[in-house]
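> Input: one structure, supplied below.
Residue numbers (this note's numbering), protein chains in the order written: chain X, 5 to 444; chain E, 5 to 444.
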């Protein structure tokens with residue numbers, strides 16, 4: 005394919021993309037295929053002679069689309085949003101063309117891991133300074149990291165990778181960690197000879213969008229020489245709205261902070277932004293300088309070598325799409341997007357509260373509603389099974405205080421009030437059928 | 005921006021991308037800006053009101069392009085190639101539109117880390133089975149990983165992250181590790197009570213594209229219960245050509261293997277492929293199953309949950325661009341690409357060998373030529389400085405047996421013989437000037 009053909013095919017692809025997104029609602033949001041369906045539809049080997057472009061594009065619809073979960077369908081309410089916007093897509097086109105390899109952006113999981121590794125390195129150095137006879141292995145075996153019992157699975161995984169102990173801190177009735185809860189565990193662990201070194205706070209937990217009390221937790225961590233990392237993967241985007249800023253009080257005590265613009269800021273996956281209070285802490289943890297990566301400015305302080313901030317060496321040119329989106333939407337446009345989606349969640353909350361058969365299970369602060377049928381976990385599992393089976397909308401569950409709970413997250417940029425209404429009608433219809441069956 | 009505007013702007017962008025790539029040779033390959041140049045060209049805050057698209061596109065040229073290193077210029081010979089092709093770009097457009105979040109592909113650095121963590125987990129379990137009284141911390145402090153002294157910096161970094169010791173194995177005169185070299189160190193380390201558990205072999209090292217002798221190393225690793233990972237980040241793509249397959253002999257002993265199609269297989273960054281002999285080894289090392297990630301098929305064996313294979317939870321839909329490229333080029337087209345680039349490297353080698361002032365420093369097996377002026381390291385450093393300063397071509401150096409060596413890698417898809425000739429003329433002209441200065 006030469007440049008001339010790319011000009012023709014590229015323009016067709018632009019129309020194809022616009023058609024796909026304009027008509028996405030007509031597609032079933034969730035695929036109706038069995039695992040392995042793809043195997044019989046594609047050859048076992050790559051073609052020796054080139055295929056035609058027409059055949060490939062036909063196969064996109066025939067082979068690929070049946071297996072796709074349409075994350076940008078207005079009927080998609082699962083997990084958290086995966087951002088997308090036309091300007092970001094334009095930027096990605098340019099980004100593909102430039103194709104340069106940047107050498108701190110990974111994902112929130114990586115940000116957590118990187119902060120934990122930096123904290124581990126700092127803690128070992130601190131203890132060895134006080135007691136130079138202690139071996140690294142001995143210190144490592146005493147280090148303890150902490151996080152909320154509601155924190156994302158990637159936090160526990162970071163501790164596993166870093167070969168350090170991790171303890172879960174219990175939460176209050178709103179699923180948030182408070183200072184006194186962490187303090188109690190710290191006292192016990194220090195008395196047992198352990199060395200607390202890291203706390204990962206969450207602003208906007210995955211199950212219920214709870215906010216840990218960082219204004220209490222921060223001073224405690226600072227006093228105990230513990231690194232405080234804040235994982236605000238989803239909720240972080242909302243802090244561009246002044247009305248949500250109070251939830252960020254205490255951020256000044258944090259050593260590092262991360263959020264994912266690819267979740268809720270209209271920038272397509274992947275794009276995750278990390279701040280570090282003292283960048284030498286991060287860089288010191290795993291800096292490597294082979295000759296082929298040396299450059300003139302590395303000791304000048306003028307250049308930030310993000311390769312020391314992440315696990316991979318290379319990174320994509322993600323700032324380009326962020327820049328397009330900031331400029332095409334403006335702060336007002338981005339705020340309007342956040343507020344609209346929070347508003348839709350509140351509308352859904354009202355619909356649930358008006359139905360006595362249902363209950364709301366956690367405060368609705370942002371774009372996530374946790375709800376369930378009053379009754380057993382089995383009943384709610386059956387309801388979710390019906391919802392999943394019908395393929396009209398897509399939801400995932402969570403566990404809150406032992407209860408099986410349904411999570412409705414406002415995800416798609418194109419979700420409107422009518423989609424919320426339709427979703428609720430659909431859920432109540434299935435609930436009605438389910439309760440009827442139970443009566444018989 | 006609505007779908008209608010996206011249709012218009014998208015088509016403009018397609019032309020913009022084609023123009024950029026057709027005229028890329030006219031741009032200086034390496035930027036002539038000082039670090040921080042961007043700061044004064046952009047506002048300190050995101051705009052409150054949207055900017056116009058026209059202004060943004062003007063700024064791409066005014067603000068962004070002056071700072072870009074043009075990785076796809078035929079004058080770019082640094083590092084290793086960053087893949088790009090028109091079909092991959094088309095796929096990336098569609099990929100952006102679908103914007104689904106896959107939950108095993110990261111980069112080669114990540115593949116190395118993941119294999120090391122899996123090996124660490126396996127080794128700890130194995131030792132504890134034989135001696136249940138040994139604590140995890142005690143075992144961890146005795147584990148040793150090994151790699152070539154020529155291996156990529158990311159290998160050493162993986163050991164640092166995994167909190168295990170790593171030792172560098174010396175290489176032969178061709179910069180490759182041989183079985184007997186590893187064997188010697190293993191005997192010493194075992195006698196000292198250490199536990200060897202992991203060896204990272206390289207096929208195509210970054211400095212000189214050397215190939216470790218995996219046919220000797222593999223049986224040794226298997227016999228010693230050590231995990232053998234193969235990092236073939238660059239050279240791996242060449243194994244689609246039968247004439248390069250003998251370099252892969254011994255791969256059957258490996259526990260894991262990785263290469264980067266985004267280096268040399270025309271698939272734009274990022275795209276890295278990893279194979280694992282026994283996938284339960286990888287999955288067992290850090291599997292996490294929160295309720296919101298559970299799905300019907302997870303225990304059926306029909307689905308490969310790649311999220312257990314990588315550090316981040318999400319991954320981009322990278323297989324799409326691989327699929328476009330395989331189909332649009334066919335195996336023949338991809339082989340022709342590899343062979344053409346190896347041929348260009350051989351042409352450059354001939355030019356260097358014909359000039360008595362220069363020497364070739366390592367065998368030219370693939371698309372990389374290591375060469376230098378006969379003389380001191382200072383002389384070669386001065387030559388590279390002149391090359392970098394002239395901005396006509398872009399090279400990076402490496403260190404081989406204490407010598408400062410220049411690396412010319414065939415990178416761009418559009419590099420032709422005339423670019424090689426021009427590059428050599430340019431280098432010899434600068435060398436002539438340099439040697440004249442030295443005489444005075």
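Every residue, glycine too, gets a C-beta built ideally from N, C-alpha and C. Since we're looking at a predicted model, the values are computed, not measured.
Between residue 414 of chain E and chain X, is the shortest Cβ-Cβ distance under 7 Å, so that the two count as touching?
The sequence position of residue 414 of chain E within the second chain is 410, counting from 1. It does not; no Cβ of chain X falls within 7 Å.
> Quick one: list the residues of chain X neighbouring residue 90 of chain E, beta-carbon separation under 9 Å, in chain order.
By one-based count along the second chain, residue 90 of chain E stands at place 86. In chain order: 5, 6, 7, 9, 10, 13, 14.
> Using a Cβ-Cβ cut-off of less than 8 Å, list which residues of the stretch 211-225 of chain E approach chain X; keep chain order.
Flagged, chain order: 211.
> Kindly list the residues whose CB is nearer than 7 Å to the CB of residue 443 of chain E, restricted to its own chain and excluding five residues on each side of it in sequence; keep chain order.
Within the second chain, residue 443 of chain E is the residue found at index 439, counting from 1. Nothing listed; no residue qualifies.
> Go to residue 436 of chain X, then tell me how far its alpha helix (DSSP H) extends in each direction, as first and last residue.
The residue given as residue 436 of chain X occupies position 432 in the first chain. Where residue 436 of chain X is concerned, the enclosing alpha helix (DSSP H) stretches over 421-443.
> Can you check whether the CB of residue 348 of chain E is closer than 7 Å to the CB of residue 424 of chain E?
Your numbering for residue 424 of chain E matches position 420 in the second chain. Your numbering for residue 348 of chain E matches position 344 in the second chain. For residue 424 of chain E and residue 348 of chain E, yes; Cβs fall inside 7 Å.
> If you follow the beta strand (DSSP E) that residue 415 of chain E is in, where does it begin and where does it stop?
Within the second chain, numbered from 1, the residue matching residue 415 of chain E stands at position 411. Taken as a continuous stretch (DSSP letters only), residue 415 of chain E belongs to no beta strand (DSSP E), as it is neither H nor E.
> Residue 108 of chain E to residue 385 of chain X, Cα distance in whole Å?
In the second chain, the residue the question calls residue 108 of chain E occupies position 104. In the first chain, the residue the question calls residue 385 of chain X occupies position 381. Note on residue 108 of chain E: pLDDT 44, under 50, position unreliable in the model; the coordinate value appears next. If you take the alpha carbons of residue 108 of chain E and residue 385 of chain X, they lie about 31 Å apart.
> Please check if any C-beta of chain E sits within less than 7 Å of the C-beta of residue 333 of chain X.
Translated into the one-based positions of the first chain, residue 333 of chain X becomes position 329. Output row for residue 333 of chain X: interface = yes.
> Measure the Cβ-Cβ separation of residue 37 of chain X and residue 91 of chain X and say whether it is below 7 Å.
As a working note, residue 37 of chain X is residue 33 in the first chain. As a working note, residue 91 of chain X is residue 87 in the first chain. Contact: no.
> Where DSSP assigns a beta bridge to residue 61 of chain X, which residues make up the other side?
On the first chain, position 57 is the one that residue 61 of chain X refers to. In DSSP, residue 61 of chain X forms no bridge with anything.
> Do the CB positions of residue 244 of chain X and residue 338 of chain X come within less than 7 Å of each other?
Here the question's residue 244 of chain X lines up with position 240 in the first chain. Here the question's residue 338 of chain X lines up with position 334 in the first chain. It is a contact, given that the beta carbons lie within the stated cut-off.
> Name the residues in the stretch 24-38 of chain E whose C-beta lies less than 8 Å from a C-beta of chain X; which are they?
Correct list: 24, 25, 26, 38.
> Can you tell me whether residue 461 of chain E is buried or exposed, with buried defined as 16 or more other CB within 10 angstroms of its CB?
Given that chain E is displayed from residue 5 to residue 444, the structure contains no residue 461 of chain E and the question cannot be resolved.
> From this set, E:379, E:101, E:191, E:432, which residue's C-alpha is nearest residue 11 of chain E's C-alpha?
Translated into positions along the second chain, residue 11 of chain E becomes position 7. Comparing Cα-Cα distances from residue 11 of chain E to each of E:379, E:101, E:191, E:432, the minimum goes to E:101.
> At 4 residues or longer, and completely inside the stretch 103-183 of chain E: list those alpha helix (DSSP H) runs for me, N to C.
Taking only runs of at least 4 residues, the alpha helix (DSSP H) segments lying wholly in the stretch 103-183 of chain E are 112-134, 140-144, 157-165.
> Consult DSSP for residue 212 of chain E and reduce its assignment to one of helix, strand or coil.
Here residue 212 of chain E corresponds to residue number 208 of the second chain, with the count starting at 1. Three-state result, residue 212 of chain E: coil.
> For residue 132 of chain X, return the contacting residues in chain E, with the cut-off set at a CB-CB distance below 7 Å.
Looking up residue 132 of chain X in the first chain gives position 128. Simply none; closest approach about 15 Å.
> Would you say the stretch 226-243 of chain X touches the stretch 254-268 of chain X, given that touching needs at least three Cβ pairs under 8 Å?
Yes, they touch.
> Given this structure, state the Cα-to-Cα distance separating residue 4 of chain E from residue 81 of chain E, to the nearest angstrom.
One cannot answer for residue 4 of chain E here, as it falls past the ends of chain E, which runs 5 to 444.
> If contact is defined by three or more beta carbon pairs under 8 Å, each pair taking one atom from either stretch, is the stretch 111-126 of chain X in contact with the stretch 166-178 of chain X?
As far as the Cβ criterion goes, the stretch 166-178 of chain X touches the stretch 111-126 of chain X, which means the pair count is three or higher.
> For residue 176 of chain E, which residues from the same chain have a beta carbon less than 8 Å from its beta carbon, with the 5 sequence-adjacent residues on both sides left out?
Within the second chain, numbered from 1, the residue matching residue 176 of chain E stands at position 172. The residues are 182, 185.
> Step through the CB atoms of chain E and report whether any lies within less than 7 Å of the CB of residue 388 of chain X.
Your numbering for residue 388 of chain X matches position 384 in the first chain. Chain E contact via Cβ: absent.
> Who are the near neighbours of residue 399 of chain X in its chain, counting only those whose CB is closer than 7 Å to its CB and skipping five residues on each side?
Within the first chain, the letter at position 395 stands for residue 399 of chain X. Closer than 7 Å at Cβ, skipping near neighbours: 81, 82, 388, 391, 410, 411, 412.
> Could you name the residues of chain E that residue 374 of chain X contacts, counting a contact when the two beta carbons are closer than 8 Å?
Mapped onto the first chain, residue 374 of chain X falls at position 370. Ordered by position in chain E, no residue passes the 8 Å Cβ test against residue 374 of chain X, which lies about 11 Å from the chain.
> Using C-beta distances below 7 Å, list every residue in its chain close to residue 114 of chain X, excluding the 5 sequence neighbours before and after it, in chain order.
Counted from its first residue, the first chain places residue 114 of chain X at position 110. Closer than 7 Å at Cβ, skipping near neighbours: 314, 315.
> Can you list, in chain order, the residues of its chain whose CB lies under 6 Å from that of residue 49 of chain X, leaving out five sequence neighbours each side?
Locating residue 49 of chain X in the first chain gives position 45, where the first residue counts as 1. Closer than 6 Å at Cβ, skipping near neighbours: no residue.
> For chain E, check one thing: does any of its Cβ atoms lie closer than 7 Å to the Cβ of residue 51 of chain X?
Against the first chain, residue 51 of chain X aligns to sequence position 47. Yes, because at least one Cβ of chain E sits closer than 7 Å to the Cβ of residue 51 of chain X.
> Quick check on this structure: which residue in E:312, E:39, E:141 has the alpha carbon closest to the alpha carbon of residue 285 of chain E?
Along the second chain, read from residue 1 onward, the residue named residue 285 of chain E stands at position 281. Looking at the Cα atoms, E:312 is the closest of the given residues.
> Can you check DSSP and say which residues form a bridge with residue 400 of chain E?
Locating residue 400 of chain E in the second chain gives position 396, where the first residue counts as 1. According to DSSP, residue 400 of chain E bridges with E:411.
> Determine the closest residue to residue 147 of chain E out of E:131, E:322, E:119, with distance taken between C-alpha atoms.
Numbered from 1 along the second chain, position 143 holds the residue referred to as residue 147 of chain E. Selected option, being the one with the closest Cα: E:131.
> Can you tell me the Cα-Cα spacing of residue 250 of chain X and residue 74 of chain X, whole angstroms?
Taking the first chain and counting its residues from 1, one reaches residue 250 of chain X at position 246. Taking the first chain and counting its residues from 1, one reaches residue 74 of chain X at position 70. Computed Cα separation, rounded: 34 Å.
> Give the single residue among E:14, E:33, E:57, E:342 whose Cα lies nearest to the Cα of residue 327 of chain X.
For this step, residue 327 of chain X is matched to residue 323 along the first chain. Of E:14, E:33, E:57, E:342, the residue nearest in Cα terms is E:57.
> Need the endpoints of the alpha helix (DSSP H) that residue 391 of chain E sits in, please.
Mapped onto the second chain, residue 391 of chain E falls at position 387. Note, residue 391 of chain E: alpha helix (DSSP H), 381-394.
> Considering only their Cβ atoms, is the gap separating residue 295 of chain X from residue 403 of chain E smaller than 7 Å?
The residue you call residue 403 of chain E lines up with position 399 of the second chain. The residue you call residue 295 of chain X lines up with position 291 of the first chain. Yes, they are a contact pair.
> Kindly indicate which three-state DSSP category residue 284 of chain E falls into: helix, strand or coil?
To locate residue 284 of chain E, count along the second chain from 1; it is residue 280. In this structure, residue 284 of chain E counts as helix in the three-state DSSP scheme.
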